[in-house]
Amino acid sequence: MRFNPTNLAAHQRNLLVRLLIASVILLVSSGAYYSYQLVRNSMLESLKKNVFLELSQGRDSLDHWLSNQKIHIETLANTEQVKSMNWETTEPYLKAETLRLSDVYAIAVGKPDGWRNVVGGKPANVSDRAYFQKVMQGITNVSDPIISRANNTPTLAIAAPIRQGFDTNSTPIGEIHTLVRLDRVNRVVSSVKYGNHSYAFAIDSQGQIVTHTSHTDNHAHVHFHESELLKALPQMSKSKESVELVKVANQMYYLAYLPLQEVEWALALVIPKEDIESQVQFLDMIALIVAGMAVALLAILVQVQAMEQRHLKKSNELLEKRVEARTKELSDAMTKLQQSQLRMIQSEKMSALGNLVAGVAHEINNPVNFIHGNITYVDEYTQALLHLIQLYQEQFPDGSKSIQEYLAEIDFEFLAQDLEKTLASMRIGTDRIKEIVLSLRNFSRLDEAEVKPVNLHDGIDSTLLILQHRLKATPDQAAVEVVKDYGDLPFVDCYASQLNQVFMNILANALDAMEDQRGLSHSQPCTIRIKTKKLEHGRVQIAIADNGPGIPPEVQPRIFDPFFTTKSIGKGTGMGMSISYQIVTERHQGKLYCVSEVGKGTEFFLEIPIRQGAVLAATVS
């Protein structure tokens, strides 16, 4: 056989080409595997965040309910009937309150020695109860679940100290507590779930299970042994909140743990591992297919001879394009998923803020109306008593020496004049509180989830009232002057609470931009100007301008981009203006844009139709 240098060179070239192609395939496979792991882990993290979101809704519901219960008991502790510590006069009042409060089945008043009277029950000593010991230290608290000594019912005690005056540092003269069944806690825990096989439970301050619920369907039944479950809890309680993979009853579960704010409890949710990871099985299938294709290509590479180089080159080019396209699709999907999550979180925060504002407004409104309504009667009674004293002075001008001395001691003439002024000041104060409550309710607008005609000026004024504390002067900063130039606007069809959120974001950004300018050493005063007017073609315009430092030209095109912010870490998420733009353009078919010049300030323009019509109705449906 003759040696052919040409054939040897060709064989070496083919071998080199095959090695290069094999190396390229291995590199591409490694990159695909890394991308798969990255995307899979990201999807699992996203699913875990959804678990936390579900758990947070249950936690917020319990915290809101417990906060209301604390407010109720503290309100009762400050009534004159309870402060009197006279059970004969207090029991009828508390009995009526028990009927009014749906979650409460009994109210009790205790003395410092531990003996307490309960509505409809017999006296008992509760000095050994932990909640009693805390409340006598001046701490309003919610107890761990206890067994009622009267009816052996699992109960929560919500206790508040009773003080003689309004000094929160004074020693309590007694305590008042409500007894609440665990039904409300059971309902909230039962509503928390993630999938058909999830399992929720609450934990008290001693690490014991308060309540739990199991879920069944036609295919499976989830059950956990109490001893195995309690072993996993200490691991979770070391951190404030977490979600970890734990082993319970020889099975793997995701255990999410979230502490409550109003009481030293926690809410936990257990989900079988397969329920979470089953949602990424499709991605695993794609990875197996890609791996199979790589193995097939390597097998073909061994068999192919002369035509291998050309075919593999084309195959590699096609594979690279597919990988790039798939990677781009996954990257776009990840970006959209992150945006959706942050928008959902922002929406939940605003919903929670609306609930909080509405709840506070409602709780303030009732006692203020009570005080405001009684001031008139107090004024009448005071005038009558003063007139009676005047008649006595006219009929008996030479009263006893002790009476004359006491009149001089209390300066009766000044007291009579100043009392009327004091009542007038109290009336002005209650009027002001009622205005604040109305503004808070206008800002939250929980009862206006649908599109309806509203006065936009009311929404702007309510938002300014919420931000009033940031507009006022402080020892380190000058005040911000707000100039209103309101036009004659008709009622506008809109989502009132969402537009209030837009006003809040724009005004808060303006205040943040002028923070350095508000220093007392700065000579230029800070001003925010709000102008409204009606435009042609059935539209209205709201312009909000500030005289801050302005926005650089290179930044202006990005101010409505998701996640873009010029604020320092921890002060901004980059979603405020993006969500505002979405609310105006998508939800209200309007426009939102800004005009800014460095050193002269920034002005945002918001334009929406007066009547939304069929377009917005289709968007809502």
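Numbering that gives the first Met the number 0 puts the first residue of the sequence shown at 0, with every later residue one more than the last.
Where is the CB? At the ideal position from N, CA and C, for every residue including glycine.
Cβ neighbour criterion (16 or more within 10 Å) applied to residue i
i: H310; result: exposed
i: N249; result: exposed
i: D446; result: For D446, the predicted model reports a pLDDT of 46, less than 50, meaning its position is unreliable; a value from the coordinates is still stated below. It is exposed - the Cβ of D446 has fewer than 16 other Cβ atoms within 10 Å.
i: T167; result: exposed
i: G600; result: buried
i: F200; result: buried
i: V294; result: exposed
i: H220; result: Confidence in H220 is poor, its pLDDT being 36 and thus under 50, which makes the residue's placement unreliable; the coordinate value appears in the next sentence. It is exposed - the Cβ of H220 has fewer than 16 other Cβ atoms within 10 Å.
i: A105; result: buried
i: E182; result: For the sequence presented, residue 182 should be read as Asp rather than Glu. Exposed.
i: H218; result: With a pLDDT of only 31 at H218, under 50, the local geometry of the prediction cannot be trusted, and the value read off the model is given with reservation. Exposed, by the Cβ-count rule.
i: N150; result: exposed
i: D515; result: exposed
i: S169; result: exposed
i: A407; result: exposed
i: L19; result: exposed
i: M513; result: buried
i: T334; result: exposed
i: I157; result: buried
i: V38; result: buried
i: T89; result: buried
i: L605; result: buried
i: F223; result: Here the model assigns F223 a pLDDT of 47, short of 50, so the residue's position is not dependable, and the following value carries that caveat. Buried, since its Cβ has 16 or more Cβ neighbours within 10 Å.
i: S621; result: Nothing can be reported for residue 621, as the shown portion of the chain is limited to 0 through 620.
i: S461; result: buried
i: V554; result: exposed
Beta-carbon separation (whole angstroms), residue i vs residue j, contact threshold 8 angstroms
i: I138; j: L75; result: About 17 angstroms; that fails the 8 angstroms criterion.
i: R58; j: L268; result: Incorrect: roughly 10 angstroms between the Cβ atoms, too far for contact.
i: V179; j: Q68; result: 7 angstroms
i: D276; j: L257; result: The amino acid occupying residue 276 in the given sequence is Glu; Asp does not appear at that position. Contact doesn't hold; Cβ gap of about 21 angstroms is too wide.
i: V141; j: L65; result: 6 angstroms
i: E480; j: T526; result: 5 angstroms
i: W264; j: D331; result: In fact, because the Cβ distance is near 42 angstroms, the residues do not count as touching under 8 angstroms.
i: L54; j: V184; result: Not quite, the Cβ-Cβ distance comes to about 15 angstroms (not below 8 angstroms), so this is no contact.
i: S45; j: L336; result: 6 angstroms
i: L488; j: V539; result: 6 angstroms
Nonlocal neighbours in the same chain, by C-beta distance under 8 angstroms from residue i, ignoring five residues either side
i: I161; result: A76, V81, K82, M84, V108, P171, I172, G173, E174 and I175
i: G537; result: P608, I609 and R610
i: L466; result: M503, L506, A507 and L510
i: I622; result: There is simply no residue 622 to check, as the chain begins at 0 and stops at 620 in what is shown.
i: F367; result: Note on identity: in this sequence residue 367 is Val, with Phe being the wrong assignment. Cβ neighbours of V367 beyond the five flanking positions: T429, I432, K433 and V436.
i: F51; result: E240, V242, A255 and L257
Among the options, the one whose alpha carbon lies nearest that of residue i
i: H196; options: I270, I145, L18 and V242; result: I270
i: Y594; options: T584, D112 and A544; result: First, the residue type needs correcting, since residue 594 is Val and not Tyr in the sequence shown. V594 has its Cα closest to that of A544, out of T584, D112 and A544.
i: V453; options: Q497, A423 and A415; result: Q497
i: W114; options: I70, K327, E585 and W86; result: W86
i: G120; options: K94, D102, K110 and P111; result: K94
i: I285; options: E319, Q36, G600 and L390; result: Q36
i: V482; options: P474, L384, T531 and T78; result: T531
i: T97; options: E514, D397, V117 and I578; result: V117
i: D484; options: K533, R528, S34 and Y130; result: R528
i: V597; options: F131, P552, Q382 and F395; result: P552
i: E273; options: Y193, A129, F490 and L54; result: Y193
i: T78; options: Q163, M333 and D127; result: Q163
i: S424; options: I106, L317, N546 and H371; result: H371
i: Y130; options: A123, N124 and D143; result: D143
i: E602; options: A542, L591 and P548; result: A542
i: L155; options: T177, M292 and P122; result: T177
i: S101; options: I402, P474 and H71; result: H71
i: H456; options: V491, P474 and H468; result: V491
i: R321; options: Q540, M292 and I299; result: M292
i: V583; options: G30, Q416 and C493; result: C493
Nonlocal neighbours in the same chain, by C-beta distance under 6 angstroms from residue i, ignoring five residues either side
i: V187; result: G57, S60 and L61
i: Q476; result: R517
i: S579; result: V501 and N504
i: L15; result: none
i: N124; result: G113 and W114
Closer than 7 angstroms: residue i CB and nearest the ligand NAP heavy atom
i: Q581; result: Although the ligand NAP was asked about, the structure shown includes no ligands whatsoever.
Residue i at chain E interface by Cβ criterion, 8 angstroms
i: R180; result: Chain labels in this structure do not include chain E; a single protein chain is all it has.
Close-in-space but distant-in-sequence residues of the same chain around residue i (CB under 7 angstroms, 5 per side omitted)
i: D378; result: L422
i: V614; result: Note that V614 scores a pLDDT of 45, beneath 50, so its modelled location is shaky and nothing firm can be said.
i: V23; result: N315
To test your reading of the DSSP string, which unbroken alpha helix (DSSP H) runs of 4 or more residues are found completely within the region 375–425?
400–409
Go through the region 466–533 residue by residue and report every complete run of the beta strand (DSSP E) that reaches 3 residues or more, in order.
479–484 and 491–493
Along the chain, which unbroken stretches of the alpha helix (DSSP H) at least 4 residues long are found entirely within the region 112–159?
129–134
What runs of the beta strand (DSSP E), each 3 residues or longer, lie entirely inside the region 155–206?
173–180 and 198–202
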